[in-house]
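Note that the sequence shown covers residues 2 to 104 in my numbering. Just so you know, even glycine gets a beta-carbon here, dropped at the ideal spot from N, CA and C. So the structure is just underneath, and the comments pick up after that.
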Amino acid sequence: MSKAVADVLLERQRQIVDEGFDHAHDDEHTGGEIAFAAACYAISGAVPEDNRGKDDRLLAVIQFVWPKAWAFTWWSPKDRRRDLVRSAALIVAEIERIDRAST
(Lines of atoms letter the chains of each structure in order from A; the text may use other names.)
(Lines give C-alpha, C1' and ligand atoms only; values in the text may rest on other atoms or scores of the structure.)
Protein backbone atom coordinates (compact mmCIF):
# COMPACT_ATOMS: atom_id res chain seq x y z
CA MET A 2 0.00 0.00 0.00
CA SER A 3 1.36 3.42 -0.92
CA LYS A 4 1.87 6.18 1.63
CA ALA A 5 -0.86 8.18 -0.11
CA VAL A 6 -3.46 5.42 0.32
CA ALA A 7 -2.36 4.79 3.91
CA ASP A 8 -2.69 8.50 4.68
CA VAL A 9 -6.22 8.58 3.21
CA LEU A 10 -7.24 5.65 5.40
CA LEU A 11 -5.64 7.27 8.46
CA GLU A 12 -7.49 10.52 7.72
CA ARG A 13 -10.78 8.67 7.42
CA GLN A 14 -10.09 7.03 10.77
CA ARG A 15 -9.28 10.45 12.26
CA GLN A 16 -12.56 11.83 10.95
CA ILE A 17 -14.43 9.00 12.66
CA VAL A 18 -12.54 8.90 15.97
CA ASP A 19 -11.53 12.53 16.52
CA GLU A 20 -14.39 14.36 14.79
CA GLY A 21 -17.19 11.86 15.50
CA PHE A 22 -18.08 11.56 11.80
CA ASP A 23 -19.01 7.89 12.02
CA HIS A 24 -21.36 5.90 9.78
CA ALA A 25 -24.45 7.04 11.67
CA HIS A 26 -23.41 10.66 11.28
CA ASP A 27 -22.56 10.25 7.60
CA ASP A 28 -25.86 8.47 6.92
CA GLU A 29 -27.72 11.64 7.92
CA HIS A 30 -26.16 13.53 5.00
CA THR A 31 -28.09 12.36 1.97
CA GLY A 32 -27.96 15.59 -0.03
CA GLY A 33 -24.43 15.26 -1.34
CA GLU A 34 -22.91 17.29 1.48
CA ILE A 35 -19.95 14.96 1.99
CA ALA A 36 -19.17 14.90 -1.74
CA PHE A 37 -19.46 18.70 -1.95
CA ALA A 38 -17.02 19.08 0.95
CA ALA A 39 -14.67 16.62 -0.76
CA ALA A 40 -14.88 18.70 -3.94
CA CYS A 41 -13.90 21.83 -2.02
CA TYR A 42 -10.81 20.18 -0.58
CA ALA A 43 -9.92 18.79 -4.03
CA ILE A 44 -10.22 22.28 -5.53
CA SER A 45 -8.02 23.67 -2.78
CA GLY A 46 -5.51 20.89 -3.35
CA ALA A 47 -5.25 21.84 -7.01
CA VAL A 48 -3.85 25.27 -6.19
CA PRO A 49 -0.03 25.49 -6.09
CA GLU A 50 1.40 26.52 -2.72
CA ASP A 51 2.72 29.83 -4.05
CA ASN A 52 -0.78 30.83 -5.22
CA ARG A 53 -2.75 29.78 -2.16
CA GLY A 54 -4.67 32.64 -0.58
CA LYS A 55 -3.95 35.01 -3.46
CA ASP A 56 -7.10 34.59 -5.54
CA ASP A 57 -10.42 35.62 -4.03
CA ARG A 58 -12.23 33.88 -6.90
CA LEU A 59 -11.12 30.51 -5.56
CA LEU A 60 -12.65 31.26 -2.17
CA ALA A 61 -15.86 32.36 -3.90
CA VAL A 62 -16.04 29.03 -5.76
CA ILE A 63 -15.42 27.07 -2.58
CA GLN A 64 -18.07 29.07 -0.70
CA PHE A 65 -20.52 28.34 -3.52
CA VAL A 66 -19.76 24.59 -3.54
CA TRP A 67 -19.48 24.15 0.25
CA PRO A 68 -22.52 22.28 1.66
CA LYS A 69 -25.20 24.85 2.40
CA ALA A 70 -26.30 23.04 5.57
CA TRP A 71 -22.78 23.15 7.02
CA ALA A 72 -21.22 26.18 8.67
CA PHE A 73 -18.38 27.58 6.60
CA THR A 74 -16.30 27.65 9.79
CA TRP A 75 -15.79 23.90 9.18
CA TRP A 76 -13.77 24.81 6.08
CA SER A 77 -10.15 24.57 7.18
CA PRO A 78 -7.68 24.15 4.32
CA LYS A 79 -4.11 23.17 5.08
CA ASP A 80 -1.49 22.48 2.41
CA ARG A 81 -2.08 20.92 -1.01
CA ARG A 82 -1.30 17.34 -0.05
CA ARG A 83 -3.27 17.49 3.20
CA ASP A 84 -6.29 18.94 1.40
CA LEU A 85 -6.15 16.18 -1.23
CA VAL A 86 -5.91 13.52 1.48
CA ARG A 87 -8.95 15.03 3.22
CA SER A 88 -10.81 15.13 -0.07
CA ALA A 89 -10.07 11.47 -0.77
CA ALA A 90 -11.11 10.44 2.75
CA LEU A 91 -14.39 12.33 2.35
CA ILE A 92 -14.98 10.61 -0.99
CA VAL A 93 -14.43 7.25 0.71
CA ALA A 94 -16.96 8.27 3.37
CA GLU A 95 -19.51 9.24 0.70
CA ILE A 96 -19.02 6.00 -1.26
CA GLU A 97 -19.44 3.99 1.94
CA ARG A 98 -22.60 5.96 2.75
CA ILE A 99 -24.02 5.25 -0.71
CA ASP A 100 -23.15 1.56 -0.37
CA ARG A 101 -24.89 1.32 3.01
CA ALA A 102 -27.97 3.08 1.66
CA SER A 103 -28.27 0.65 -1.23
CA THR A 104 -28.32 -2.50 0.91
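Review point. Whose C-beta lies closer than 6 Å to the C-beta of residue 42 among residues of the same chain, with five residues either side of it excluded?
Key: 84, 87, 88
Exercise for review: For residue 19, count neighbouring C-beta atoms within 10 Å of its own C-beta (all shown protein chains included) and say buried if the count is 16 or more, exposed if not.
Suggested key: Burial call: exposed.
Check your understanding: From which residue to which residue does the alpha helix (DSSP H) around residue 65 run?
Key -> That run of the alpha helix (DSSP H) goes 57–66.
Check your understanding: Unbroken alpha helix (DSSP H) runs of length 4 or more, entirely within the region 4–54: which are they?
Key -> 4–18, 24–28, 34–46
Exercise for review: Reducing DSSP to helix, strand and coil, say where residue 100 ends up.
Suggested key: helix
Review point. Which residue's Cα is closest to the Cα of residue 5: 99, 81, 74?
Key: 81
Exercise for review: Just tell me which of 38, 52, 91 has its CA closest to the CA of residue 74.
Suggested key: Looking at the Cα atoms, 38 is the closest of the given residues.
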